[in-house]
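Protein chains in written order, with our numbering: chain A, 1 to 271; chain B, 1001 to 1271.
Each residue gets a CB set at the ideal place from its N, CA and C atoms; glycine is no exception.
Every value quoted in this text rests on a predicted model; they were computed, and no experiment measured them.
2 protein chains.
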Amino acid sequence: MKREQLIGQIHRKQSFLCVGLDTDISKIPASLLDTEDPVFEFNRQIIDATKDLCVSYKINTAFYESRGLSGWKSLIKTWQYLPSDCFSIADAKRGDIGNTSEMYAKAFFSPESSGMSFDSVTVAPYMGADSVKPFLGFEDKWAIVLALTSNEGSKDFQFLGRENEDMLFETVLQKAAGWGNAGNMMFVVGATRGEAFLTIRKHVPDHFLLVPGVGAQGGSLQDVCKYGLNQDCGLLVNSSRAVIYASSGKDFADAARTEAQKIQKEMAEWL
Amino acid sequence: MKREQLIGQIHRKQSFLCVGLDTDISKIPASLLDTEDPVFEFNRQIIDATKDLCVSYKINTAFYESRGLSGWKSLIKTWQYLPSDCFSIADAKRGDIGNTSEMYAKAFFSPESSGMSFDSVTVAPYMGADSVKPFLGFEDKWAIVLALTSNEGSKDFQFLGRENEDMLFETVLQKAAGWGNAGNMMFVVGATRGEAFLTIRKHVPDHFLLVPGVGAQGGSLQDVCKYGLNQDCGLLVNSSRAVIYASSGKDFADAARTEAQKIQKEMAEWL
């Protein structure tokens, strides 16, 4: 998907919500367990209930890989079912030496090779330029590079640096921004660090940011918007558990819709 | 596999060679392409030809994921075929927030969940403690944390730091070593940085190091041994392309054996 198309969807739907399909078979309603592929059936109903309210779906690959071959099948079926007007994210946190990152890029971007073609993949920056660049060579595809994550462990390394000098996440933003551009690269910035968006926007004023951590992880949508929005919106705010597990009963899809609607309304006010 | 078992194998086989199964279907002999699963067939013959000369196999998951469902099938079949006396590594470079890393750990450590149970997984450290710790909760399983990698891009972030102060890779070693111990954690240190092993050993004298970069990437086995060996050996030196693609003809397995033998002999002299 091109940047202009994404921005168009955001204005059309008055939403920059990304729904995270972190689908855990142990958490889905018992009523689905008799279906042929319960994980896909859950995702299908969640997608149907939310697709007019969000502009993106993020599939957390770990939840599928953990179930081996049958999980990988659910992953492919879910990718096939994603609406074409939604920006698709393989949240896979990949990254390795050049020849290996090329293979990961094929896994998520090359349908003739793997059967899937997401719009984007999340990428870990630790191994540097040649681990990220192979994801940038595909037309209308994106690398979403980890900058400042939403978890407690983000403090271990991402804030390293001296007072009055750049911290590691800032160096990552600066260097990585030079490997791609605002049309093929985004950054992950956790919602749990609202005030940090000021610093982030100094380094990457134009890039889209993928923002996890609203909802179950405690981040504030208001802070994210206040400090993170740019002239093109520039945000995809993800909610996973708060939306998809809004109810554990048969009404899970309706409950997910209600939750997504609540977030979409708040987003519309900011646009 | 327990640390003592691994050390026992190293002394028995007089080898600390790890053979990397970075199996690319476009590089395997044409004679195999008619078999039901060419990638598995290639791996099977490589394993048969090298299993008495190496103590470990490292499966680079990217090469399997790039082929979608059929790649994932080859991955599982290859894992099933690995000799039980060899230390198995899922070279997957995973790492995410806690609940997601738990799922990745299940994908590679929990046979009832995914159909596979490797001895170890490579893990990216950028997201900190809670992204690594979920891999440490499985008996006789290991997390192999990226410290200093063999690629050009390692210079982008891993060496950040001021003169006379720790560089990022050193901080990673120090912090991560505290999350586990020398019986459930190893570190990736690229062979292309021989002299850096002196610094590495200051921080982690007892840990095993997984060392890629010998062979195609240009690292020197001699430097790695000179600076990296400890009282328990403490090294697993990986060779992928130089061994498995030693010949592109029908004699690929014999050629792989010859190459592995050459490395094993050099290793025996160091032990």
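About 19 angstroms separates the beta carbon of leucine 1082 of chain B from that of isoleucine 1263 of chain B, a gap too long to meet the 8 angstroms contact definition. Under DSSP, the beta-bridge partners assigned to isoleucine 1059 of chain B are B:Leu1021, B:Ala1090. Listed by position along chain B, the residues whose Cβ is nearer than 8 angstroms to that of alanine 129 of chain A are Glu1152, Gly1153, Asp1156.
Cysteine 54 of chain A carries a coil assignment under DSSP once its states are collapsed to helix, strand and coil. Within chain B, the residues placing a beta-carbon under 8 angstroms from that of leucine 168 of chain A are Phe1157, Leu1160, Leu1168, ordered along the chain. Proximity to valine 214 of chain A across A:Cys233, A:Asn238, A:Lys202 peaks at A:Asn238, based on C-alpha coordinates.
For the pair serine 1101 of chain B and histidine 1011 of chain B, the Cα-to-Cα distance works out to about 34 angstroms. Residue range 196-203 is occupied by the alpha helix (DSSP H) that includes isoleucine 200 of chain A, with no beta strand (DSSP E) assigned at that position. Residues of chain B with a Cβ closer than 8 angstroms to the Cβ of glutamate 65 of chain A are, in chain order, Met1103, Tyr1104, Ala1107, Ser1114. For methionine 1267 of chain B, the enclosing alpha helix (DSSP H) starts and ends at 1252-1270. For glycine 1219 of chain B, the beta-bridge partners assigned by DSSP are B:Val1214. In chain order, Tyr1126, Phe1157 make up the part of chain B whose C-beta sits under 7 angstroms from the C-beta of proline 125 of chain A. About 6 angstroms separates the beta carbons of aspartate 1156 of chain B and alanine 129 of chain A, which is inside the 8 angstroms limit, making them a contact pair.
Using a CB distance cut-off of 8 angstroms, lysine 73 of chain A counts as an interface residue toward chain B.
Annotation for isoleucine 1076 of chain B: Gly1115, Met1116 place their beta carbon closer than 7 angstroms to its own, counting only its chain and skipping 5 residues before and after. Distances from the CA of valine 39 of chain A to each of A:Ile7, A:Trp72, A:Val55 were compared; the closest alpha carbon is that of A:Trp72.
Within the region 24-42 of chain A, contact with chain B at the beta-carbon level (separation under 7 angstroms) is assigned to no residue. DSSP places alanine 1182 of chain B outside both helix and strand once states are collapsed to three, so it counts as coil. In this structure, B:Cys1054 is the residue among B:Cys1054, B:Leu1032, B:Ser1026, B:Pro1029 with its C-alpha nearest to the C-alpha of glycine 1020 of chain B.
In this chain, the alpha helix (DSSP H) harbouring isoleucine 1076 of chain B covers 1068-1081. Interface flag for asparagine 60 of chain A against chain B is set, since a Cβ pair is found closer than 8 angstroms. Unbroken beta strand (DSSP E) runs of no fewer than 3 residues, entirely contained in the region 115-198 of chain A, are found at 120-123, 142-148, 185-189, following chain order. When the beta-carbon positions are compared, glycine 228 of chain A and serine 150 of chain A stay at least 8 angstroms from each other. Looking at the DSSP output, leucine 209 of chain A shares a beta bridge with A:Phe187, A:Leu235. Following the DSSP letters along the chain, one finds alanine 1030 of chain B in no alpha helix (DSSP H), marked with neither H nor E. Secondary-structure assignment with DSSP links asparagine 1230 of chain B through a beta bridge to B:Cys1233.
Going by DSSP, tyrosine 1245 of chain B is part of no alpha helix (DSSP H) at all; its letter is neither H nor E.
Judged by DSSP in its simplified three-state form, glutamine 1009 of chain B adopts helix. Taking the C-beta atoms as reference points, alanine 1255 of chain B is found no nearer than 8 angstroms to alanine 1242 of chain B. Residue contact with chain A for arginine 1094 of chain B: present (Cβ-Cβ distance below 8 angstroms to some residue of chain A). Under the three-state reduction of DSSP, serine 113 of chain A is assigned to helix. Asparagine 60 of chain A and leucine 69 of chain A have their alpha carbons spaced roughly 16 angstroms apart. Residue contact with chain A for glycine 1180 of chain B: absent (no Cβ-Cβ distance below 8 angstroms to any residue of chain A).
Each of A:Thr192, A:Asp223, A:Lys202, A:Cys233 was checked against the Cα of glutamine 217 of chain A, and the nearest Cα belongs to A:Thr192. Just measuring C-alpha positions, the residue of B:Asp1052, B:Asp1024, B:Tyr1057 sitting nearest threonine 1258 of chain B is B:Asp1052. Taking 8 angstroms as the CB threshold, valine 1172 of chain B lines the interface with chain A.
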